Amino acid sequence: MSQIAIIVEFQLEPGKQAQFEKLIRAHAERSLKEEKGCLRFEVLQAIDSDGSLIADCIWLTELYESAEAVKEHEDSPRMPILGEAIGSLVANKRLIKAAII
């Protein structure tokens, strides 16, 4: 079974980035610590072509050892709690899943 990558783009509500970052970084750390199938979990801020930060645009890149590890992550009891905590901070979200080839 292939490793699975997840990429998530969040467009945040104006002025909510610091609050979102605190929550999502804690989530990333817990995922890496508690889920043995979570191989990588990075929190990124988008940049413009000149290298300047794009406000309120955060990306996640995650790598899991298998589809089963992704399911374990998605079924974690932390996920609904996180969803509720960040729901009002997020204006739009795009999620991409892909197999590593």
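Residues in the sequence shown are numbered consecutively from 272, following this note's numbering.
No residue lacks a Cβ here, since even glycine has one placed at the ideal position from N, Cα and C.
Predicted model only: the values in this text are computed from it and were never measured.
Query, Result
"So what does A317 bridge to, in DSSP terms?", "Answer by DSSP bridge pairing: none, since A317 is not bridged."
"Taking its Cβ as the centre, do 16 or more other Cβ atoms sit within 10 Å of D321, making it buried, or is it exposed?", "exposed"
"Name the DSSP bridge partner or partners of L312?", "Just to set this straight, residue 312 is Phe in the shown sequence, not Leu. Note: F312 sits in a beta bridge opposite E333."
"Go ahead and pull the three-state DSSP assignment for I357.", "helix"
"Quick check on K307: does DSSP put it in helix, strand or coil?", "coil"
"Specify, as a first and last residue, the run of the alpha helix (DSSP H) that E343 falls within.", "A338 to E345"
"Taking the continuous beta strand (DSSP E) assigned at Q282, which residues delimit it?", "I275 to L283"
"Using the three-state DSSP reduction, which class does I295 fall into: helix, strand or coil?", "helix"
"For A326, tell me which candidate among L283, E339 and V279 has the shortest Cα-Cα distance.", "L283"
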